[in-house]
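Quick notes on the structure that follows.
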DNA sequence: TATATCCTTACGGCATTCCGTAATACAAAA
DNA sequence: TTTTGTATTACGGAATGCCGTAAGGATATA
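Protein chains in written order, with the numbering used here: chain A, 1 to 221; chain B, 1 to 221.
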């Protein structure tokens, strides 16, 4: 079994829950951090001391508070870690169930496991740890389709940006302006209209209000 | 200190984290459930056996899964418990920070504590337990204003209904129809317009889309 | 080079929303 | 009963959104 594991998770209770589980698995050295910057620091330190971490279990979202942080999100943390410590195993432990998100985490960072925080989250986590210890990738059932099928609607970053601006109360005209100012293309009012129309159809929404409500429910924005 | 405590929380990891904390506080008998129905059952059983629970720590939202549940939410559970077991102490432990929600929980059910799940959630929880053991109410800082100020906008059930229909993609005309069919008043198109305009101003929203996005963020719908 | 295809942009008509003003209905107070 | 205040409804003009059609531009294929 792994000997040295780091938990990066801002919520104290979950942190503790995971800790207890790792203890039960017989992992000897378990460290916890509640901030991404601390995670990177600890991992660098351990490496320098010749006793590197073997596994990191990290959340994706970290609430910001009074402490200034260089690394704002779990995704940023993973990006840095996979670059500086290619051999370090990483499990994402998150409430996020967006297939698209999981797929991008896998393809961009080649994470070793993705476990959804659910009722049985800890059980899944132990399964993931066991699998990864045998050098196998593990995805909890909710997202395992991320590897196989291509069921997802093709929603790209531009769409997300568009929907975000729309939800912030900008008119289509204002969004057009915004896109021009930010060098994003397409930026014409007509294109904005067309794109939003496509999204409305994709999401079976009656109008823009319905569209925004829907994508918010899906957690896309 | 309390001797017998029940934790009702669907997420395994949080459940475990809270459990560990309670152990450290020296509470002797700690029970956990992941479903509301189980909570009620356990509490009834304990009462019948002459060894009732003294304190319940419960979440508000329970994800539904394959198991059929009579009690769907923490709020429903609390409603039942405070009716059947008036002496039972209840702490809500939730990620929900809506002042309005907290206030309604206090006034409707007279809950003994409300702790927000945050970085320092468990610390707050131990404070809450200590306070409640001394028969004092405890609210974590994020929501403590719920007791004092009256900052809240007056949003009634009609507004919620209105916003809900709007978010479902109905046009103002259709909402007017809907209100007439359901004997809700006011129901004229003009009144719908006026009310939505008021809500837009209250929530400082640029347009209807922005309004719906905002109230969804606030968890009002 | 020519042709096809896709993407972006432009325009126009119609529907809905936005917003101010005013009339009507209802209920409490004089 | 009359008065007064509030809530509901009605209406009209301006702005925005919705939707189809079509022109212009870039890239790929023959």
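Just so it is clear, CB atoms sit at the ideal spot from N, CA and C, and this is done for glycine as well.
| Query | Result |
| --- | --- |
| Three-way DSSP call (helix, strand, coil) for residue 68 (chain B) in this model | coil |
| Boundaries of the alpha helix (DSSP H) in which residue 143 (chain B) is found, first to last residue | Segment: none, residue 143 (chain B) is in no alpha helix (DSSP H) and carries neither H nor E. |
| CA nearest to the CA of residue 60 (chain A), picked from A:67, A:45, A:24, A:111 | A:111 |
| Members of the region 60 to 75 of chain A near chain B, C-beta cut-off 8 Å | 63, 65 |
| Within the region 52 to 128 of chain A, ranges of the beta strand (DSSP E) (whole runs, at least 3 residues) | 55 to 58, 89 to 94, 113 to 116 |
| Contacts around residue 140 (chain A), its chain only, beta-carbon distance under 6 Å, and the 5 residues preceding and following it disregarded | 115, 116, 124 |
| Span separating the alpha-carbon of residue 29 (chain B) from that of residue 37 (chain B) | 20 Å |
| Cβ-Cβ separation, residue 31 (chain B) to residue 42 (chain B) (assumed contact under 8 Å), whole Å | 6 Å |
| Presumed contact (8 Å Cβ cut-off) between residue 211 (chain A) and residue 203 (chain A), rounded CB distance | 6 Å |
| Anticipated Cβ contact below 8 Å, residue 88 (chain B) with residue 53 (chain B), distance rounded | 6 Å |
| Neighbour flag for residue 205 (chain B) against chain A, beta carbons, 8 Å | yes |
| Candidates B:1, B:18, B:156: closest to residue 7 (chain B) by CA position | B:18 |
| Assigned secondary structure, residue 32 (chain A) (DSSP; H/G/I helix, E/B strand, else coil) | strand |
| Range covered by the beta strand (DSSP E) that runs through residue 136 (chain B) | No beta strand (DSSP E) contains residue 136 (chain B), which DSSP labels as neither H nor E. |
| Test: residue 130 (chain A) CB closer than 8 Å to a CB of chain B | no |
| Contact with chain B by residue 151 (chain A), beta-carbon distance below 8 Å | In this predicted model, residue 151 (chain A) has a pLDDT of only 48, less than 50, meaning its place in the structure is not dependable; the value taken from the coordinates is given anyway. Not one chain B Cβ lies under 8 Å of residue 151 (chain A). |
| Below-8 Å beta-carbon distance, residue 10 (chain B) vs any chain A residue | yes |
| Pairwise C-alpha distance: residue 170 (chain A) and residue 200 (chain A) | 17 Å |
| Below-8 Å beta-carbon distance, residue 56 (chain B) vs any chain A residue | no |
| Distance between beta carbons of residue 155 (chain A) and residue 2 (chain A), contact taken as under 8 Å | Contact flag wrong, Cβ pair sits at about 36 Å. |
| Buried versus exposed call for residue 93 (chain A) [16 or more other C-beta atoms within 10 Å across all chains shown] | buried |
| Continuous beta strand (DSSP E) stretch holding residue 6 (chain B): start and end | 4 to 8 |
| Residue burial classification, residue 34 (chain A) (beta-carbon count within 10 angstroms, cutoff 16) | buried |
| Contact with chain A by residue 167 (chain B), beta-carbon distance below 8 Å | yes |
| 7 Å Cβ cut-off: residues of chain A touching residue 20 (chain B) | 16, 20 |
| Any chain B beta carbon closer than 8 Å to residue 91 (chain A) | no |
| Contact belief for residue 121 (chain A) with residue 12 (chain B) at Cβ below 8 Å, rounded distance in angstroms | 5 Å |
| Start-to-end residues for the alpha helix (DSSP H) that takes in residue 13 (chain A) | 12 to 24 |
| Residue 185 (chain B), DSSP secondary structure in three states | coil |
| Residues that residue 209 (chain A) contacts on chain B, provided the C-beta gap is smaller than 7 Å | 166, 167, 169, 208, 209, 212 |
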